[in-house]
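K.L.:
Sharing a structure below in structure tokens format, with a few things to ask.
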Amino acid sequence: MANSILIHNPRAPFSQGSGLKASVLDHLAGKVVGFIDNTKPNFNHLMDDLAVTLLEDYQVRSVIKRGKRVQSIPAPSAVVDELVAECDLVITGSGD
Amino acid sequence: MVAVEICSSAFVNLGRSQARALGYENLPIAVVPHPFGTVDRQIVRQFAEKCACDIVALVCLPPVTETLEDYQPIIEDVQGAAELTIEHAPNLMIAFNRLCRDRFWSDGLPVMPTTREAVSAMLAQTKRPPQQVVARLAPGFGVATVECIAINAVLAGCDPEYMPILLAAVEAMATQRFNLQSIQSTTNPAAVWLIVNGPIVERLGINGKFNCLGEGVWANATLGRALRLILRNVSGALPGEMDRATQGQPAKYSFCCAENEGESPWEPLHVERGFSSEQSTVTVVGAEGTMNMCTLVKEADELIRVIGSTFRHPTSNEYVHGAEPWLVLCPEHADILHEAGYTKSEVKRRLWEASKMQASELSKEDMSRLQSSRTTELGVIGADTLLPISHHYEDISIIVAGGSGAHSVYVPCFGNTRSVTVAIASDEN
Chain E
19 MANSILIHNP RAPFSQGSGL KASVLDHLAG KVVGFIDNTK PNFNHLMDDL AVTLLEDYQV
79 RSVIKRGKRV QSIPAPSAVV DELVAECDLV ITGSGD
Chain B
65 MVAVEICSSA FVNLGRSQAR ALGYENLPIA VVPHPFGTVD RQIVRQFAEK CACDIVALVC
125 LPPVTETLED YQPIIEDVQG AAELTIEHAP NLMIAFNRLC RDRFWSDGLP VMPTTREAVS
185 AMLAQTKRPP QQVVARLAPG FGVATVECIA INAVLAGCDP EYMPILLAAV EAMATQRFNL
245 QSIQSTTNPA AVWLIVNGPI VERLGINGKF NCLGEGVWAN ATLGRALRLI LRNVSGALPG
305 EMDRATQGQP AKYSFCCAEN EGESPWEPLH VERGFSSEQS TVTVVGAEGT MNMCTLVKEA
365 DELIRVIGST FRHPTSNEYV HGAEPWLVLC PEHADILHEA GYTKSEVKRR LWEASKMQAS
425 ELSKEDMSRL QSSRTTELGV IGADTLLPIS HHYEDISIIV AGGSGAHSVY VPCFGNTRSV
485 TVAIASDEN
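Top line first, the protein sequences correspond to chains E and B.
Here our numbering = 1-based position in the first sequence + 18.
Here our numbering = 1-based position in the second sequence + 64.
This is the structure we're talking about:
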């Protein structure tokens with residue numbers, strides 16, 4: 019054991035997960051869908067196209083589109099509160 | 065309510081890791097091909113059709129039973145600050161460094177063994193208990209305990225006396241206005257720059273003079289490096305995973321200096337920010353890089369003109385968002401401005417005016433980003449709009465650092481970040 023040393027691990031403990039399961043919906047018909055545009059290029063177009071498709075092909079009742087001022091800050095809490103209160107499904111953009 | 069995230073394929077690991085770090089490991093993620101932001105409008109329509117199907121499948125069908133093991137883990141789930149044993153190694157330094165390479169604990173350079181004795185010496189520099197939580201650091205939201213900070217300080221080669229600076233720096237990075245989340249996970253090369261002020265500079269030999277942004281001084285090199293190791297090992301941002309920097313920059317190895325208070329004609333940074341001159345402080349800055357400005361100009365307004373002209377560039381994040389540009393003035397340039405009768409505040413005001421850039425300099429796509437970001441601040445933005453680099457002239461930050469010579473440095477910041485200055489606790493040691 020002369021060549022043995024104990025060393026500390028520099029890693030911090032990370033979340034091991036909450037065990038939360040993803041929620042599911044039976045279908046989208048009649049549901050309200052919200053979007054948060056992260057302002058990355060083309061997400062506004064993707065959001066617009068998805069909204070049309072979800073309304074026309076999946077009978078979504080209505081769509082609420084909201085955004086952030088810029089991608090590198092969180093959505094305003096008022097936007098989050100509104101979407102949580104009004105929507106059955108919220109779709110957000112992340113990264114590029 | 066059900067949530068779905070959309071990522072391009074290059075950013076799925078970031079999305080997964082962040083969701084897991086925030087306790088929502090089963091967050092449904094719909095994926096569009098990367099690159100996404102540069103494709104034509106028609107291609108987006110094609111992506112949207114597929115994406116809509118994917119979203120419906122993700123939220124309207126029972127989720128596939130999956131565990132974290134389904135993903136290639138980017139962070140080894142070792143528990144806290146456990147102790148590991150290397151046995152029977154013929155050369156302990158080689159064995160330790162091999163372990164650090166294998167576990168991605170290092171920045172790529174050799175590191176120092178985190179022995180019990182070395183960590184204890186580091187912890188002896190603070191009265192805080194080892195398990196006290198200093199902060200949770202984005203984007204992985206690892207828990208930065210006093211002990212964990214000490215371990216990474218040892219790893220970087222810090223002297224024990226540097227520990228109070230790191231404790232303060234971690235607190236500073238965790239403040240909301242610093243926006244560590246974005247600094248760590250952005251494609252931008254942003255690095256965290258440490259600026260130390262006050263009596264601790266001389267006591268610990270932190271360089272604010274010749275080559276202060278370069279190599280050669282133990283305190284500068286190891287303090288900046290320790291912070292980077294904390295950002296890897298505690299906040300969990302590993303390159304290509306949660307750290308999405310396209311290229312990064314050399315300052316991500318280490319970026320630390322002192323202000324050259326003795327050769328500054330003005331009040332130093334920490335006094336400007338309300339601290340006593342006898343209080344030692346550390347400032348964290350989300351820095352995008354360094355741009356050297358060599359000019360032999362002798363007239364103050366001409367010096368301001370050429371610096372302002374250097375600030376202007378159409379690919380600048382600072383003009384798009386209104387930021388906090390940093391200026392490291394060499395003592396010779398600072399003296400020119402001071403001898404013209406300018407206070408530091410007056411230099412900022414004149415520089416703010418001299419650095420305004422016409423919006424038409426930006427590309428069409430960046431103009432769109434600009435309008436999204438600054439219309440509330442500036443009103444309607446057109447091609448003729450003159451853009452200030454920051455919301456207010458006082459947002460330009462200035463320190464005096466360096467040795468003799470006519471070189472000052474422009475340090476553009478990441479954009480949506482604001483520097484934070486905190487006191488280094490005097491009773492830490």
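Idealized CB from N, CA, C, for every residue including glycine.
This structure is a prediction, so every number in the text was calculated from the model and none was measured.
(1) Since LEU293 (chain B) meets chain E, which of its residues come closer than 9 Å, beta carbon to beta carbon?
(2) Verify the CB distance criterion: does ASP44 (chain E) have a CB-CB separation below 8 Å to chain A?
(3) What residues in the region 105 to 122 of chain B bring their beta carbon closer than 7 Å to a beta carbon of chain E?
(4) Taking the alpha carbon of GLU342 (chain B) as the reference point, which residue from B:ASN261, B:THR310, B:ALA465 and B:GLY386 has its own alpha carbon closest?
(5) Since ASN216 (chain B) and ALA309 (chain B) should fall inside the 8 Å C-beta cutoff, what is the C-beta to C-beta distance between them, to a whole number of angstroms?
(6) Compare the C-beta of GLY312 (chain B) against all C-beta atoms of chain E and say whether one is closer than 8 Å.
(7) Under 8 Å, do VAL392 (chain B) and VAL473 (chain B) count as touching if we go by C-beta distance?
(8) Could you give the residue range of the beta strand (DSSP E) that holds ARG84 (chain E)?
(9) Using the beta-carbon count (16 or more within 10 Å), is LEU277 (chain B) buried or exposed?
(10) Check each residue of the region 249 to 273 of chain B: if its Cβ is closer than 9 Å to any Cβ of chain E, include it; give the result in chain order.
(11) In terms of DSSP beta bridges, what is PHE3 (chain E) paired with?
(12) Looking only at DSSP bridge pairs, what is LEU450 (chain B) linked to?
(13) So, for THR178 (chain B): in the same chain, excluding its five sequence neighbours on each side, which residues have a beta-carbon less than 6 Å away from its beta-carbon?
(14) Straight-line CA distance for ALA285 (chain B) to GLU279 (chain B)?
(15) Please return the same chain residues whose Cβ sits closer than 7 Å to the Cβ of ALA202 (chain B), not counting the five positions on each side in sequence.
(16) Which of the residues in the region 51 to 73 of chain E, read from start to end, lie with their CB under 7 Å from any CB of chain B?
(17) Straight-line CA distance for ASP99 (chain E) to PRO395 (chain B)?
(18) If we cut at 8 Å on Cβ distances, does ASP114 (chain E) have a partner in chain B?
(19) Touch check for the region 73 to 84 of chain E and the region 45 to 61 of chain E: three-plus C-beta pairs under 8 Å?
(20) With C-beta atoms as the reference, is PRO97 (chain B) less than 8 Å away from SER73 (chain B)?
(21) Taking LEU231 (chain B) as the reference, give the member of B:PRO263, B:GLN196 and B:ALA255 with the closest Cα.
(22) Check this for me: beta carbons of LEU64 (chain E) and LEU107 (chain E), under 8 Å apart or not?
(23) Roughly how many angstroms separate the alpha carbons of VAL183 (chain B) and HIS26 (chain E), rounded to a whole number?
(24) What does VAL108 (chain E) reach in chain B if we use C-beta pairs closer than 9 Å?
(25) In three-state DSSP terms, what is SER490 (chain B)?
(26) Of all Cβ atoms in chain E, is any one closer than 8 Å to the Cβ of GLY350 (chain B)?
(27) For LEU64 (chain E), which three-state DSSP category applies?
(28) State yes or no: is the C-beta of VAL464 (chain B) within less than 8 Å of the C-beta of ALA398 (chain B)?
(29) Is the Cβ-Cβ distance between ALA103 (chain E) and ALA208 (chain B) less than 8 Å?
(30) Name the chain E residues that come within less than 7 Å of HIS385 (chain B), Cβ to Cβ?
(31) If you reduce the DSSP assignment to three classes, tell me which class ARG482 (chain B) lands in.
(32) Would you identify the three-state DSSP class for TYR174 (chain E), choosing helix, strand or coil?
(33) From ALA536 (chain B) to GLN110 (chain B), what does the alpha carbon distance come to, in whole angstroms?
(34) For chain E, find out if any of its Cβ atoms is closer than 8 Å to the Cβ of ALA74 (chain B); answer yes or no.
(35) From this set, B:GLY466, B:GLY467 and B:TYR383, which residue's C-alpha is nearest SER454 (chain B)'s C-alpha?
(36) For PRO329 (chain B), which option in B:VAL361, B:ILE294, B:LEU360 and B:SER409 has the closest C-alpha, if you only look at C-alpha atoms?
P.N.:
This is what the structure gives:
(1) PRO28
(2) Here chain A cannot be found, since the structure's protein chains are E and B.
(3) ARG105, VAL108, ARG109, PHE111, ALA112, GLU113, CYS115, ALA116, ILE119 and VAL120
(4) B:ASN261
(5) At roughly 20 Å, the Cβ-Cβ gap does not stay under 8 Å, so ASN216 (chain B) and ALA309 (chain B) are not in contact.
(6) no
(7) yes
(8) 80 to 85
(9) buried
(10) SER249, THR250, THR251 and ASN252
(11) Since the displayed chain E opens at 19 and closes at 114, residue 3 (chain E) lies outside it and no answer follows.
(12) B:GLN422
(13) ILE215, VAL218 and LEU219
(14) 7 Å
(15) LEU244, GLN245, GLN248 and SER299
(16) THR57, LYS58, PRO59, ASN60, HIS63, LEU64, ASP67, LEU68, THR71 and LEU72
(17) 51 Å
(18) yes
(19) yes
(20) yes
(21) B:GLN196
(22) no
(23) 8 Å
(24) MET65, VAL66, ALA67 and VAL68
(25) coil
(26) no
(27) helix
(28) yes
(29) no
(30) VAL88
(31) coil
(32) No statement about residue 174 (chain E) is possible, as the shown extent of chain E runs from 19 to 114 and does not include it.
(33) Limits of chain B in this structure are 65 at one end and 493 at the other, which puts residue 536 (chain B) out of reach.
(34) yes
(35) B:TYR383
(36) B:SER409
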